[in-house]
Amino acid sequence: MTSKTSSKSFWFLPSIAEFIFILILVLILRGESHLLGDGDTGYHIRAGEYIIDNRTIPHHDIFSHIEPPLEWTAHEWLSEVFMALVHRAAGLTGIVVAFATLISLAFFVLFKFLRASGTGILVAAMVVIFAASVSTIHWLARPHVFSLLITLVWYMVLDTHQYREKNRLYLLPPIMLLWVNLHGGFILGLVLIGVYIAGNLFIAIWRSDARQSARRKIKNLSLWFLVCLLATLLNPKGYKILLFPFGVIGNTYLMDHVNEFLSPNFHEHLIYEYMLLFMILVFCSSIVKLNAIEILLVLLFTHMSLYSGRYIPLYAIILSPILARQIDHLLQERSARSIVKRFLRLSARTAETDAAAKYLLWMIGAIVVSIVLVLTQQVSHRFDRDEAPLQALEFIMNEHIPGNMFNDDEFGDHIIYAAWPRYRVFFDGRSDMYGTERLKEYFRVIAAKPGWEEVFKKYDITWVMYKTNSTLTSFLLERKDWHLIYSDKVASIFVKNIPENRYLIEKYPAVKPVIVEEEDDKEKI
């Protein structure tokens with residue numbers, strides 16, 4: 189009676205799930221996480237606006253000056269339309285709030301998933317906060333955030349079918365139809381179904397006591413795999429969308445030269461490293477063995493996260509339920525120990541209090557407050573002036589620089605956002621579209637290697653906008669056929685000494701380069 193009254197008295201408090209949601213949302217909106225730390229956000233917004241204004245999805249490049257236009261289909265068109273609509277309503281601040289809400293929602297759902305799976309409330313909270321901390325490495329306002337949330341929902345449907353005998357596989361095809369038009373990560377949905385089929389096949393072969401159940405699950409999963417496969421065809425690229433992820437991963441030159449595709453750098457401070465070590469410690473300590481499906485998931489997503497840092501958030505999401513189950517087993521094994529007994533009692537009392545919370549009340553309130561803060565301009569987010577070429581963009585918008593530019597790839601995204609269609613770029617974040625040949629040409633120029641002039645002639649380059657602290661900028665400063673007309677600590681602009689640029693050279697005859705004390709430019713993008 190006392191405990192019941194006590195729990196009712198705390199109805200006004202946020203649940204732990206809501207607390208996690210609000211905590212992540214507040215940290216992002218206060219600037220603790222840089223969702224605008226990548227210029228790709230800009231070109232996604234402009235692509236979405238193009239689709240809305242023209243009521244068509246482009247099938248050729250619209251942002252670069254390369255002729256003839258390269259083949260490019262905006263396969264993330266639905267995400268881009270969403271971003272364009274949010275941007276038109278509330279600018280970049282609205283974009284940050286929208287994606288912060290999606291990220292916060294993902295970890296809210298993860299907590300609910302762990303609790304529904306039987307994980308103790310304190311263990312669930314700690315694992316989710318750990319996973320969220322690990323995932324910050326790739327928190328950016330880009331379409332892949334949709335994949336983070338959808339992967340989790342997809343995982344929940346498969347998990348409940350496997351372990352709780354709840355067949356909600358019929359939800360997967362409509363989710364896939366949405367996913368395939370939001371982000372290329374849709375391929376993970378098919379891979380995850382394949383993992384569960386393979387795991388059940390192993391069970392059917394080696395475990396006679398579970399053979400009948402495993403065969404039934406294989407049949408169900410195989411049927412819905414085929415339906416989901418058909419759903420993937422309903423996108424602007426048709427069947428080619430299925431080849432796209434493998435084309436990117438299979439391009440070793442691209443994977444080796446684009447920063448976000450590189451393996452994590454353990455010389456940097458990475459919470460991911462601690463999750464890896466903690467995972468090993470927990471698995472080695474528990475006497476409960478992982479089943480076939482869990483082993484496949486651990487091996488696959490650990491490999492993916494080690495292969496490329498961009499997959500670390502997915503690793504954290506997929507490993508969380510497996511890790512939480514093993515921790516719960518460890519606690520039960522050692523429940524006789526006084527410290528573990530006290531922890532379990534505290535967890536039980538916390539769960540009792542949490543059950544009295546009015547779910548969604550605080551979460552909806554936090555979203556409403558965020559929207560009000562945006563509309564009243566009490567919260568403001570923009571690209572970082574210390575990283576993005578914002579002053580240089582103001583300069584080129586005030587001037588009318590003729591001809592084709594050569595630009596830093598990250599600058600290309602910002603140029604598309606701020607100066608397209610007046611200016612068209614040489615390169616931007618769509619490195620998969622530009623392909624290996626142009627990527628090699630790009631690196632040849634930025635390193636000022638032999639053959640750079642041939643690249644400029646090939647594309648008729650008459651001006652350059654590149655990082656101030658770079659090999660290319662230092663090289664052009666020594667050339668008499670190139671003239672510096674603008675320089676700040678982020679970007680420098682050069683024009684070729686030709687008649688078309690004479691008025692700019694005369695207007696800016698003696699611009700001094702800004703000296704930036706930073707490490708040398710690296711040949712990575």
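The opening position of the sequence shown corresponds to residue 189 in my numbering, with each subsequent residue numbered one higher.
Cβ coordinates follow ideal geometry from the N, Cα and C atoms, glycine included.
What you are looking at is a predicted structure, and each value in this text was computed from that prediction instead of being measured.
Glu587 carries a coil assignment under DSSP once its states are collapsed to helix, strand and coil. Rounded to whole angstroms, Leu511 and Gly382 show a C-alpha spacing of 21 Å. One Cα belongs to Leu340, the other to Tyr654, and the distance between them is close to 39 Å.
Within the same chain, Thr339 come within 6 Å of Leu376 by CB-CB distance, once the 5 residues on both sides are set aside. Under DSSP, Glu259 forms a beta bridge with His248. Restricting attention to Ala402, Asp397, Leu380, Leu378, the CA atom closest to the CA of Leu389 is found in Ala402. Beta-bridge partners assigned by DSSP to Leu672: Phe682.
According to DSSP, Phe594 shares a beta bridge with Val652. Residue burial annotation: Ser396 is exposed, with fewer than 16 other C-beta atoms found within 10 angstroms of its C-beta. Between Tyr622 and Phe631, the CB-CB gap reaches or exceeds 9 Å. Its Cα nearest to that of Asn592, the residue Pro609 stands out among Gln579, Pro609, Asn586, Glu598.
By the neighbour-count definition (other C-beta atoms within 10 Å, threshold 16), Met271 is a buried residue.
Excluding residues up to 5 positions away in sequence, Leu511, Gln514, Ile515, Leu518 lie with their Cβ nearer than 8 Å to the Cβ of Val470 in the same chain.
Counting along the chain, Glu206 sits inside the alpha helix (DSSP H) bounded by residues 204-217. By the Cβ neighbour-count rule, Trp394 is exposed, with fewer than 16 other Cβ atoms within 10 Å of its own. Inclusion of Leu223 and Leu370 in the CB contact set at 9 Å is not warranted, their separation being larger than that value.
DSSP links Val613 through a beta bridge to Ser252. Here DSSP, grouped into helix, strand and coil, assigns Pro424 to coil.
With a 10 Å radius around the Cβ and a threshold of 16 neighbouring Cβ atoms, Thr244 comes out exposed. Under the three-state reduction of DSSP, Leu442 is assigned to helix. Counting only the Cα atoms, Glu461 lies some 9 Å from Pro452. Ser558: member of the alpha helix (DSSP H) spanning 549-563, first to last residue.
Setting aside the 5 residues that flank it on each side, Pro246 is surrounded in the same chain by Ala235, Tyr238, Ile239, Trp260, Thr261, Ala262, each with a C-beta closer than 8 Å to its C-beta; the list follows chain order. For the 9 Å CB-CB criterion, Ile210 and Ile291 do not form a contact. Look at the beta carbons and you see the segment 434-453 touching the segment 491-502: at least three pairs across the two are nearer than 8 Å. With 16 or more other Cβ atoms inside 10 Å of its own Cβ, Ala504 counts as buried. Ile506 is a Cβ neighbour of Phe489, given a cutoff of 9 Å. The Cβ atoms of Pro501 and Val322 sit closer than 9 Å to each other. The DSSP-derived three-state label of Phe454 is coil. Close CB contacts of Leu293 within its chain, under the 8 Å cut and outside five residues either way in sequence, are with Phe209, Leu337 (chain order). Of the other Cβ atoms in all chains shown, 16 or more fall within 10 Å of the Cβ of Arg612; this residue is therefore buried.
Short of 7 Å from the beta carbon of Phe318, and not among the five residues preceding or following it, lie these beta carbons of its own chain, in chain order: Met463. Between the alpha carbons of Ile604 and Asp249 lies a distance of about 12 Å. With respect to the 9 Å criterion, Thr650 and Lys628 are not classified as neighbours on the basis of their beta carbons.
Under the 8 Å Cβ criterion, the segment 572-592 counts as touching the segment 676-694, having at least three qualifying pairs. Ranked by Cα distance from Glu598, the options Val274, Ile552, Gly225 are led by Gly225.
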